[in-house]
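Undergrad: This is the structure I have questions about; it appears just below.
Protein chains: 2
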Amino acid sequence: MRNVSCLGFQAVGMAAGIKKNRAKDLGLIYSETPAAVAGVFTRNAVQAAPVTISRERVASGMCQAVIVNSGNANCCTGERGLSDAREMARIVAESLKIHEAGVCVSSTGVIGEPLPMDVVRCAVPRAVAGLRPDGIMDFAEAIMTTDRTPKVVEARGLASGKAFHIVGVAKGAGMIRPDMATMLCFVLTDAAVAADLLQEILREVNEETFNCITIDGDTSTNDTVLVLASGRGGAIVHAPEDRPAFRQALLDVMGRLSRMVVTDGEGVTKTVDIHVRGARTRAEARTVADTIGHSCLVKTALFGEDANWGRIIAAAGRSGVPIDPGTIQIDFDDVRMVQNGVGCGKAVEAEATRVLKTPAFTITVDLGMGSADARIVTSDLSLDYVRINADYRS
Amino acid sequence: MRNVSCLGFQAVGMAAGIKKNRAKDLGLIYSETPAAVAGVFTRNAVQAAPVTISRERVASGMCQAVIVNSGNANCCTGERGLSDAREMARIVAESLKIHEAGVCVSSTGVIGEPLPMDVVRCAVPRAVAGLRPDGIMDFAEAIMTTDRTPKVVEARGLASGKAFHIVGVAKGAGMIRPDMATMLCFVLTDAAVAADLLQEILREVNEETFNCITIDGDTSTNDTVLVLASGRGGAIVHAPEDRPAFRQALLDVMGRLSRMVVTDGEGVTKTVDIHVRGARTRAEARTVADTIGHSCLVKTALFGEDANWGRIIAAAGRSGVPIDPGTIQIDFDDVRMVQNGVGCGKAVEAEATRVLKTPAFTITVDLGMGSADARIVTSDLSLDYVRINADYRS
């Protein structure tokens, strides 16, 4: 993975001095030619300054560079925050000799502190000088906060009879909840895709990937997913018959990245699919899955490797969906724990505990009311989650 | 508090052998004469067998005994659970020589395991033999699960020119969320109050007390609040002018008990009032308060004594209420942390940290949009909460 690259793009990641621990904290992606861009952003009513700027710039459909810092969210920083975000883009544009409106900005880290602009001003020219086609892994490291590992994924496909390549990078380990894009994610492709088509596909794929994961039910003020298409690879995604291949490859990249975000979540020891089936509607299935996936009691039981299905059925019961306990089945992978709302007894507990001791498994809840289903990916709630978040700023 | 009693009532608490650790696990309240009764119950779609039975019996407006066990919730136990709950009431009625329809039943503990009825059959006659006017504190101990302390509160007032007395007992330390009565609570009074008036006052007071607390956002399948009025004290609550004094005394008892439930919550080290004001409507204020009070990130920051107001504003932003970050003020007790959506700087952090180091304080969030307000009581999310809930059944 060290030498991952995507035709038409250069990247860099460096330690600028924004984080106190001298880790990498400034990343830059540069498209050698103006790229088509699509983006989805946090739905939180409180939005960071860089989100406001990037949202405007994505609307134009064109982007040539993305500057990202970690260690500071530049959020709740008022007018100064907006002018700092704009200046960050302007410095990048000047150093790269490109148009300022073609620079998107992202920040991630602590809320409520001003960006150290002297550090940024000093670092950007050095970042530009360090741009390399194989700098994507350094970029992935530079956008990390409490992440334990950088997250980079690739996929390839065919469109218009030519090969295309997609590279995706993400960060995110807390403040994760299914509500629009819940972290930072940057996807590069060498295919040619018009901005409005790219936006349409991104929205669809995002619903099935980053909008289906949860760690702690909190949403960030800085969430951003950007997709940049350089068109340098020769493949063109335009004809209706080319759409499915590109959509599938993007789904593959964003699906794997979103699952990596959960697995690498703060203090996470278990990655668990909650699959609710037998619902009357997809929306009701999703509501039940969300309520189970967010329950502190379910999540602590997962951490404790305790097959405490009573907490799962209690969470389903409080979801607001009018379920009938008498028709519920619950399986841990292929182990049936609950049949018609009643436990299957001590005999199956040992088998269920064997499933719970694995790092990833599926809990299937069949409501027995219809044929709709929904699936989300959740995590356990561990001692380390509390430790990490009690000490985050200190 | 050892000798607390309420005229017309006897109580007992004993170790029957339902819990594995030989702690008290069976409690009985007996009204020497048939008492007026009112009750509110869990709104969870999954309801324990004893809730189904007690709900029927409260509808009659009359009750003469309440039998409660801890260590087993008798929930998701199917037809057997219902017949066990009915048998529990019948044995009590036979031992006390009262009508079976006058016996309410409550259970609390692990979901999904059948009640050990042989233990119950053997213990009930001994419980009846142990009834005493001053047995309320033993009763309070017998209904505890993960509670660290028994919870008993008294209040006195005047109605129809005569003194009345209210004694309330509660248990609950997890699965606590504002949605109907979220634990077990039994209130006794020597006043005479008609059942329908008692029910009306209980509903109002419950909205302001047990429906305004949260620990972990999960609701139980067994939640029950019962109020029994013996009328033995001579005071009569009937005339409109007597209603406020009784309502106020009940509010006092249930308000103090609900706050005790949070303070004694699983792993709780901080009891925090979230007061949202300046909202357009009370419902919107409540939604913002609930979202802040349930946020894992806010609650871990409270545990870490970290004045991380960014998490508070981010939670408010994702609540679904269309807030304007630019008009938000946040105070920790009397320390202003945020003015018009921007932090007040490092200078006030030391003062805020001083507030956070106390065991109880108020976070006031002024949305600056109107004049409505709402208040809930929440707790921190600690390492011990995770430890207790990861190991609950083992």
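Protein chains in written order, with my numbering: chain D, 184 to 577; chain A, 184 to 577.
From the three backbone atoms N, C-alpha and C, an ideal C-beta is built for every residue, glycine too.
Would you mind sorting D321 of chain A into buried or exposed? The rule is 16 or more other CB atoms within 10 Å of its CB.
TA: One-based indexing of the second sequence puts residue 321 of chain A at position 138. The residue is buried, with at least 16 neighbouring Cβ atoms inside 10 Å.
Undergrad: Counting C-beta neighbours from all protein chains within 10 Å, is the total for R273 of chain A 16 or more, i.e. buried, or is it exposed?
TA: Here residue 273 of chain A corresponds to residue number 90 of the second sequence, with the count starting at 1. Looking at its Cβ environment, which holds fewer than 16 other Cβ atoms inside 10 Å, R273 of chain A is exposed.
Undergrad: Which runs of the alpha helix (DSSP H) spanning at least 4 residues fall entirely within the stretch 485 to 510 of chain D, listed in chain order?
TA: The qualifying runs are 492 to 500.
Undergrad: Between which residues of its own chain and F281 of chain D is the CB-CB distance below 7 Å, once the five residues before and five after are set aside?
TA: Against the first sequence, residue 281 of chain D aligns to sequence position 98. Looking at the sequence itself, residue 281 of chain D is Ile, so the reference to Phe does not match. Around I281 of chain D: Q247 and A248.
Undergrad: Name the chain D residues whose beta carbon is nearer than 8 Å to that of V569 of chain A?
TA: Locating residue 569 of chain A in the second sequence gives position 386, where the first residue counts as 1. Correct list: T483, F486, L564, S565, L566, Y568 and V569.
Undergrad: If I measure Cβ to Cβ from Q382 of chain D and keep anything under 7 Å in the same chain, skipping five residues before and after, which residues do I get?
TA: As a working note, residue 382 of chain D is residue 199 in the first sequence. Hits under 7 Å: A221.
Undergrad: For V251 of chain D and R238 of chain D, what's the separation of their Cα atoms in angstroms?
TA: Residue mapping note: residue 251 of chain D aligns to position 68 of the first sequence, counting from 1. Residue mapping note: residue 238 of chain D aligns to position 55 of the first sequence, counting from 1. The alpha-carbon atoms of V251 of chain D and R238 of chain D are separated by roughly 15 Å.
Undergrad: Is the Cβ-Cβ distance between V548 of chain D and V455 of chain D less than 9 Å?
TA: Residue mapping note: residue 548 of chain D aligns to position 365 of the first sequence, counting from 1. Residue mapping note: residue 455 of chain D aligns to position 272 of the first sequence, counting from 1. Their beta carbons are not under 9 Å apart, which means V548 of chain D does not touch V455 of chain D by this criterion.
Undergrad: Just list the residues that DSSP pairs S289 of chain D with in beta bridges.
TA: To locate residue 289 of chain D, count along the first sequence from 1; it is residue 106. Note: S289 of chain D sits in a beta bridge opposite D:V251.
Undergrad: What residue range is occupied by the uninterrupted beta strand (DSSP E) comprising V370 of chain D?
TA: Start at 1 with the first residue of the first sequence, and residue 370 of chain D comes out as number 187. Looking at the DSSP string, the run of the beta strand (DSSP E) that includes V370 of chain D is L367 to T372.
Undergrad: Quick check: what's the CA-CA separation for R386 of chain D versus G191 of chain D?
TA: In the first sequence, residue 386 of chain D corresponds to position 203, counting from 1. In the first sequence, residue 191 of chain D corresponds to position 8, counting from 1. In a straight line, the C-alpha of R386 of chain D is about 24 Å away from that of G191 of chain D.
Undergrad: Counting C-beta neighbours from all protein chains within 10 Å, is the total for N394 of chain A 16 or more, i.e. buried, or is it exposed?
TA: Position 211 of the second sequence, counted from the start, is the residue given in the question as residue 394 of chain A. Classification of N394 of chain A: buried, given that the 10 Å Cβ count is 16 or more.
Undergrad: Using a Cβ cut-off of 9 Å (strictly closer), state whether G261 of chain A contacts chain D.
TA: Numbered from its first residue, the second sequence carries residue 261 of chain A at position 78. Interface residue, yes.
Undergrad: In the DSSP assignment, what are the bridge partners of Y213 of chain A?
TA: Taking the first residue of the second sequence as position 1, residue 213 of chain A is located at position 30. Partner(s): A:Q193 and A:A248.
Undergrad: Within the 9 Å Cβ cut-off, does N389 of chain D reach chain A?
TA: For the purposes of this step, residue 389 of chain D is taken as the residue at position 206 of the first sequence. False, the Cβ-Cβ gap to chain A never drops below 9 Å.
Undergrad: Closer than 9 Å, CB to CB, is D574 of chain A near chain D or not?
TA: Translated into positions along the second sequence, residue 574 of chain A becomes position 391. It does; some Cβ of chain D falls within 9 Å.
Undergrad: Per DSSP, S188 of chain A forms a beta bridge with which residues?
TA: The sequence position of residue 188 of chain A within the second sequence is 5, counting from 1. S188 of chain A pairs with nothing; no bridge assigned.
Undergrad: Applying the criterion that 16 or more other CB atoms from any shown protein chain within 10 Å of the CB defines a buried residue, is I333 of chain A buried or exposed?
TA: For the purposes of this step, residue 333 of chain A is identified with residue 150 of the second sequence, where counting begins at 1. Reading off the sequence, residue 333 of chain A comes out as Pro, not Ile. Buried.
Undergrad: What does the alpha-carbon distance come out to for the pair V444 of chain A and R205 of chain A?
TA: Position 261 of the second sequence holds residue 444 of chain A. Position 22 of the second sequence holds residue 205 of chain A. Approximately 23 Å, taken between the alpha carbons.
Undergrad: What residues in the stretch 284 to 313 of chain D bring their beta carbon closer than 8 Å to a beta carbon of chain A?
TA: Correct list: V293, I294, G295 and E296.
Undergrad: Find the nearest neighbour of T561 of chain A within the set A:G264, A:V234 and A:T545, judged by alpha-carbon distance.
TA: Here the question's residue 561 of chain A lines up with position 378 in the second sequence. Of the candidates A:G264, A:V234 and A:T545, the one whose C-alpha sits nearest the C-alpha of T561 of chain A is A:T545.
Undergrad: Going by beta carbon distance, what residues of the same chain come within less than 8 Å of V335 of chain D, once the five residues before and after it are set aside?
TA: As a first step, residue 335 of chain D must be located in the first sequence, where it is residue number 152. Around V335 of chain D: M184, V187, I319, M320, A323, V350, G351 and V352.
Undergrad: Under three-state DSSP, which class holds K453 of chain A?
TA: Within the second sequence, residue 453 of chain A is the residue found at index 270, counting from 1. Note: K453 of chain A maps to coil in three-state DSSP.
Undergrad: Using a 10 Å radius around the Cβ and a threshold of 16 neighbouring Cβ atoms, would you call T541 of chain A buried or exposed?
TA: In the second sequence, residue 541 of chain A corresponds to position 358, counting from 1. So T541 of chain A ends up on the exposed side.
Undergrad: Of the residues D:G196, D:Q512 and D:V504, which one's Cα is nearest the Cα of G493 of chain D?
TA: Here residue 493 of chain D is taken as the residue at index 310 of the first sequence, counted from 1. The shortest Cα separation from G493 of chain D among D:G196, D:Q512 and D:V504 belongs to D:Q512.
Undergrad: I want to verify the contact list: residues of chain D whose CB lies under 9 Å from the CB of I506 of chain A, in sequence order.
TA: Mapped onto the second sequence, residue 506 of chain A falls at position 323. Going along chain D in sequence order, the residues near I506 of chain A (Cβ under 9 Å) are A228 and V229.
Undergrad: Quick check: the Cα distance between L341 of chain D and K482 of chain A, rounded to an integer number of angstroms?
TA: Mapped onto the first sequence, residue 341 of chain D falls at position 158. Mapped onto the second sequence, residue 482 of chain A falls at position 299. Whole-angstrom Cα-Cα distance: 48 Å.
Undergrad: Please classify K354 of chain A as buried or exposed, where buried requires at least 16 neighbouring CB atoms within 10 angstroms.
TA: Numbered from its first residue, the second sequence carries residue 354 of chain A at position 171. With 16 or more Cβ atoms within 10 Å of its Cβ, K354 of chain A is classed as buried.
Undergrad: D362 of chain A CB to nearest chain D CB: under 9 Å?
TA: The residue you call residue 362 of chain A lines up with position 179 of the second sequence. Annotation note: pLDDT 42 at D362 of chain A (below 50); position unreliable, coordinate value reported separately. Chain D, which has a Cβ nearer than 9 Å to the Cβ of D362 of chain A, makes this yes.
Undergrad: Within 9 Å (strictly less), CB to CB, does S502 of chain A reach chain D?
TA: Position 319 of the second sequence, counting from 1, holds the residue named residue 502 of chain A. It does; some Cβ of chain D falls within 9 Å.
Undergrad: Might you give, ordered along the chain, the residues of its own chain that have their beta carbon closer than 7 Å to the beta carbon of A198 of chain D, omitting 5 neighbours on each side?
TA: The residue labelled residue 198 of chain D in the question sits at position 15 within the first sequence. Closer than 7 Å at Cβ, skipping near neighbours: R205, A206, K207 and D208.
Undergrad: When you compare only the Cα positions, how much space is there between A129 of chain D and V370 of chain D?
TA: Given that chain D is displayed from residue 184 to residue 577, the structure contains no residue 129 of chain D and the question cannot be resolved.
Undergrad: Identify the contact partners of D330 of chain A in chain D, using a Cβ-Cβ distance below 9 Å as the criterion.
TA: Sequence index remark: in the second sequence, residue 330 of chain A carries index 147 (1-based). Within chain D, no residue comes near D330 of chain A; the closest Cβ sits about 16 Å away, beyond 9 Å.
Undergrad: Give me, in chain order, the residues of the same chain whose beta-carbon lies closer than 6 Å to that of V420 of chain D; leave out the 5 immediate sequence neighbours on both sides.
TA: The residue labelled residue 420 of chain D in the question sits at position 237 within the first sequence. Contacts found: A342, A374, V376 and F429.
Undergrad: Between the beta-carbon of N405 of chain A and the beta-carbon of S290 of chain A, is there less than 9 Å?
TA: Position 222 of the second sequence, counted from the first residue, corresponds to residue 405 of chain A. Position 107 of the second sequence, counted from the first residue, corresponds to residue 290 of chain A. Going by C-beta atoms, N405 of chain A is nearer than 9 Å to S290 of chain A.
Undergrad: In terms of DSSP beta bridges, what is F322 of chain D paired with?
TA: Walking along the first sequence from the start, residue 322 of chain D turns up at place 139. Answer by DSSP bridge pairing: none, since F322 of chain D is not bridged.
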